[in-house]
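Working notes, beginning with the structure itself.
Residue numbers (our numbering), protein chains in the order written: chain A, 1 to 781; chain B, 1 to 175; chain C, 1 to 285.
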């Protein structure tokens, strides 16, 4: 059996990346050393809202950069949505007249090392006249006196609404109408590696070079060109090994612009490594949605109409390129979920508050939307006396209805949503849980809960354009090249930060060319060597970069065949590439033999056959409305009635992401996403006090799931290939973070409902659970 | 040993089997920065600098410790092993099983994870799932959800104990 | 997150350490394992001028047994209690408590003396040593004294030491034969600081409790003695259910407050109830 046989798409291939990481030979941002490099520290606002009176420093601090030093050097970040109602604001690189959240960068000092720079920062005194703060998003809605952005009439970034179908008829025809308020709490994304960047002038190449722990180096480069007003050809951005991103590293941050500006002026390399406190207050935060949901349903469980009010707390600024509008827009667009809902009405409002800006984080808005609709499905089921999982099945779009255009215009392409519910129920042994509940005794209660979702992945230009962002993420690039020795390198615009793309893209190449993936170099991250890429987010990489790689390799195969035909005689179309060789009527050649001629003996090539063997392909999906992965999660919980603790006793995932390139990696993404989802559900919480002071800024008080908090998952894959992506793949990197809060909340509600307690918010801390029990049953329990 | 307290210190210690001496470093330098900034051993990573995440874990005199809250000055004369210097059947088994079980994704937590797992598999004679999870509580991973790591450490332990034959893994590739 | 500047000195003996403390007074801090101190230094929440490293003073790492007391060197690391490398005066309580402190890597460096000096009322050692009625042996350059573990934590991260004093030993009375212990720690995730910590040491006379030491951590700024629960137990072998514990604690913990305070009082009642049950179960096991 050829080694490449277990390197193709579908093989549970060990990763190429492992070799270096298992030996500590990765190169993360903080591992890079440059001669003459000095460390920068940002002096950050200690208050949530105020006017800057002055920034003064003891001489011993050395040079201090403030907004004045960036005048004419760097423009502010402006992330406006296309919606004309969206309120514009500047996101300053360094705060100018006002500070708007605790942790906002105000000044920069340098030191020979980080400790010395922190010493210098202690000598910088920022005099701020405090202003009243806007912290609570509901208050932000009403408060027109205290405004985060002075030139706005209020604190609302944008309001949207839509009304589809006939809600009045739905309400009139309903057997039950259930209204609930739900809340998903604010949290941080917490990649284990914090952000960081290094900037320096490469005088040989006349380039400003920025190393940054980022998920989209090319787009950062394009943005920097505008903000620094440097020609883009004189900019280079490099993402080295990135220690987790999850969307948190998928924004253009003021720090990146600032460090570039300082490097331009300082004349030596400048490094900034975000410390963990900075990461907790200065990196984008996430979730923080409030919902009021009304669902009208018939007696048999059919959902007749959904009415949603969505409030998103976007913090102080609109992040680039997503804008503060995206979160609410995405939530409203997917609330109908995998269900056949034609009467749907929503109103969304996105407010500004004196908090850390919100940005996309794994799942992006859909965990909130899923929480809202999936909890309501259960609430409706309870009202009707039906099993929640059966209500799901009753309402799900059936396979014969695909492609199905949802009421919000999303085109669901393929799959079997109901099968995922049935499968999840089998995996979790639903009947056994029900039997166990019948004999419930003692101080624990057991419950089972489900959550289903369908997730738009790898959407293209048309979808992005409809969202009105400053950038449309419509394509991905891959360059496939055989070098003169016949070795294969694939240079891709996508950037890998844990997804294993150096392996899975090699597997795609192997699928086409038959080269052992261990012998394929996948190069990414450097804008000087990688073709233009749009970044790793939106569960797009496997489809987009995989599509680009696939087609580039196919075209490369044609070139190889053309050269082979020249050497061996006959028509190029009679030569086929397989197993790292090319064969046809004239014989067989290895890639090495073909490449030698193509580069070093190309005198044999006719003018019609191009020398060298290099092809670049830009993949633009044929269907740009995305391909939809879907899943049902099932959780079994045990609730300690005395302490309110929730233990996740069992967890199942029945998911469909189409053709699986590498099952090890797909399962790994599922485990990782569920772990983060359980963090959202049970542990993670960013809290601001009434003065806008963040309360959980270290790992001592911000609790992350550890090995003891995430069980093994029961996973089953339903592989329905996408009808229109290359090889039928769908994106799946985010999905498993979407459902856990809803699944766990449904399970806890299932456990405690008979005691009069239901869950409507995250995180479901022991205090929240116990207080709810206590409120119902009182002290004499 | 001098009685006078000093702002700068000289530290001489064995790192990965070689004696290394560093002169005139600030007393406040932690062991992680000594390794990373002064000795060029960047495999040990900093994730929090308050001793919680475990990314910085190294072996100090044979025991796993947090290098982010360990003063370099307090390591004079010590024996330190970092991920770059881990050798032997235990780490071989771990490297093999981590790759086979997909126990790493971005790789940032991996060095500290390996040092901790090396301690676990050499110290714990019985390693069921619950014990493994408890022992791993001190090393955070944000990518894997721990499944691959738990399986990897249990599999490595079994291999070391000789209770299972080494099974030919599915999928080839380098490990 | 790097510390401010400080000077470092490695003490070769207890006398050297004491001389340095006498010289530098409140500008110096003692460094044992650093697991509590160095995070504070990193966050610049503490900015001493001088660190006196006592981790290699042999006299501070030895353990001896002397007239019914086990004398633990102040710089004994938690791991040695956890692994049974030192005698356990309490027949297992010290070992169990040590094994729950943070993570293994922390336990390899953190010390019993350092933990006591850090005076965090939610940490194991302050509460367990109070329950065990241990005494903390303290020396300065000019004097020495013993401080009861029950008076050692004086307030929020505050201890009874003067600036020039050093803990040299923690002396724990060997528990008599007819004694059982119980320990219950409530955390939301493994390894974090306790949100509630209950320790119960029960002395038995036949089938009933003759004396009880029940202490609570993470409830106030100092470890709290749950005297009403102790009184309730004497003469019985009945576990204390949560409601009873809650009622008994009413006089011991501050009343009122918001919903969170209410939950915390309840949680402490649960922890103590479970610690007591744990101790009773050990009698009958």
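For glycine and all other residues, C-beta sits at the position ideal for the given N, C-alpha and C.
List the residues of chain B whose Cβ lies closer than 9 Å to the Cβ of residue i, in chain order.
i                      : result
residue 713 of chain A : 145, 147
residue 188 of chain C : Those within 9 Å of residue 188 of chain C in chain B number zero; the least Cβ separation is about 12 Å.
residue 55 of chain C  : 74
Please tell me whether residue i and residue j are closer than 8 Å, where the distance is taken between their beta carbons.
i                      : j                      : result
residue 301 of chain A : residue 394 of chain A : yes
residue 124 of chain A : residue 49 of chain A  : no
residue 637 of chain A : residue 747 of chain A : yes
residue 138 of chain B : residue 104 of chain C : yes
In chain A, which residues lie with their C-beta within 7 Å of the C-beta of residue i?
i                      : result
residue 111 of chain B : 24
residue 259 of chain C : 771
residue 263 of chain C : 767, 770, 771
Under 9 Å between beta-carbons, which chain A residues line up against residue i? List them in chain order, please.
i                     : result
residue 79 of chain B : By Cβ distance, chain A contributes nothing, its closest Cβ being about 18 Å from residue 79 of chain B, past 9 Å.
residue 99 of chain B : 14, 15, 18, 19, 22
Just to confirm my understanding: we take residue i, look at its own chain, exclude 5 residues before and 5 after, and list those with CB closer than 8 Å. What are they?
i                      : result
residue 597 of chain A : 563, 566, 567, 604, 605
residue 385 of chain A : none
residue 172 of chain B : Any reading at residue 172 of chain B must be qualified, since the residue scores a pLDDT of 33, below 50, and its modelled position is unreliable; the value itself is stated next. Once the five neighbours on either side are set aside, residue 172 of chain B has no close Cβ partner at all.
residue 203 of chain C : 176, 178, 179, 209, 210, 211, 212
Compare the Cα-Cα distances from residue i to each of the options and report the closest residue.
i                      : options                  : result
residue 427 of chain A : A/116, A/634, A/569      : A/634
residue 577 of chain A : A/570, A/571, A/561      : A/561
residue 364 of chain A : A/755, A/677, A/200      : A/677
residue 288 of chain A : A/258, A/328, A/91       : A/328
residue 62 of chain A  : A/39, A/70, A/51         : A/39
residue 82 of chain B  : B/111, B/76, B/106       : B/111
residue 175 of chain C : C/65, C/55, C/49, C/235  : C/65
residue 170 of chain C : C/158, C/162, C/125      : C/125
residue 8 of chain C   : C/54, C/39, C/248, C/2   : C/54
residue 106 of chain C : C/78, C/173, C/96, C/132 : C/78
Can you list, in chain order, the residues of its chain whose CB lies under 6 Å from that of residue i, leaving out five sequence neighbours each side?
i                      : result
residue 3 of chain A   : Low confidence applies to residue 3 of chain A: its pLDDT is 45, below 50, so where it sits in the model is not reliable enough to give any reading.
residue 1 of chain A   : Legend: pLDDT at residue 1 of chain A = 38, less than 50; position of this residue unreliable, no value from coordinates given.
residue 408 of chain A : 333
residue 318 of chain A : 79, 324
residue 10 of chain A  : none
For residue i, which residues of its own chain have a beta-carbon under 7 Å away from its beta-carbon, when the five flanking residues on both sides are left out?
i                      : result
residue 464 of chain A : 472, 473, 474
residue 174 of chain A : 296, 297, 298, 304
residue 53 of chain B  : 47, 140
residue 783 of chain A : Because chain A here runs from 1 to 781, residue 783 of chain A falls outside it and cannot be looked at.
Please compile the residues from chain B whose C-beta is within a distance smaller than 8 Å of the C-beta of residue i.
i                      : result
residue 255 of chain C : Residues of chain B passing the Cβ test: none, with the nearest at roughly 34 Å.
Note down, in chain order, every chain C residue with its Cβ under 8 Å from the Cβ of residue i.
i                      : result
residue 138 of chain B : 102, 103, 104, 105, 106, 191
residue 204 of chain B : It is not possible to answer for residue 204 of chain B, since the shown part of chain B is limited to 1 through 175.
residue 119 of chain A : 4, 5
residue 119 of chain B : 104
residue 709 of chain A : 189, 190
Name the chain B residues whose beta carbon is nearer than 7 Å to that of residue i?
i                      : result
residue 497 of chain A : 106
residue 190 of chain A : 142
Report the neighbours of residue i on chain C: residues whose CB is nearer than 7 Å to its CB, in chain order.
i                      : result
residue 643 of chain A : 186, 267, 270
residue 114 of chain A : 2
Please compile the residues from chain A whose C-beta is within a distance smaller than 8 Å of the C-beta of residue i.
i                     : result
residue 48 of chain B : 276, 698, 699
Which chain C residues sit within Cβ distance under 9 Å of residue i?
i                      : result
residue 703 of chain A : 188, 189, 192
residue 683 of chain A : 188, 189
Contact between the region 12-29 of chain C and the region 146-156 of chain B (3+ Cβ pairs under 8 Å): Too few Cβ pairs lie closer than 8 Å, so no.
Exercise. Determine contact between the region 44-58 of chain B and the region 88-100 of chain C, defined as no fewer than three beta-carbon pairs at a distance below 8 Å.
Key: Taking a contact to require three or more Cβ pairs closer than 8 Å, the region 44-58 of chain B and the region 88-100 of chain C do not qualify as touching.
Would you say the region 616-632 of chain A touches the region 450-467 of chain A, given that touching needs at least three Cβ pairs under 8 Å?
-> Cβ pair count under 8 Å is three or more, so yes.
Count the C-beta pairs between the region 531-551 of chain A and the region 499-511 of chain A that are closer than 8 Å, then say yes if the count reaches three, no if not. The region 531-551 of chain A, when compared against the region 499-511 of chain A, does touch it at the 8 Å Cβ threshold.
Report task. Would you check if there are 3 or more beta carbon pairs closer than 8 Å linking the region 11-27 of chain A to the region 102-122 of chain B? Result -> In the pairwise beta carbon analysis, the region 11-27 of chain A is classified as touching the region 102-122 of chain B: at least three pairs are separated by under 8 Å.
Practice item. Determine contact between the region 340-353 of chain A and the region 152-172 of chain A, defined as no fewer than three beta-carbon pairs at a distance below 8 Å. Key: The region 340-353 of chain A vs the region 152-172 of chain A: in contact.
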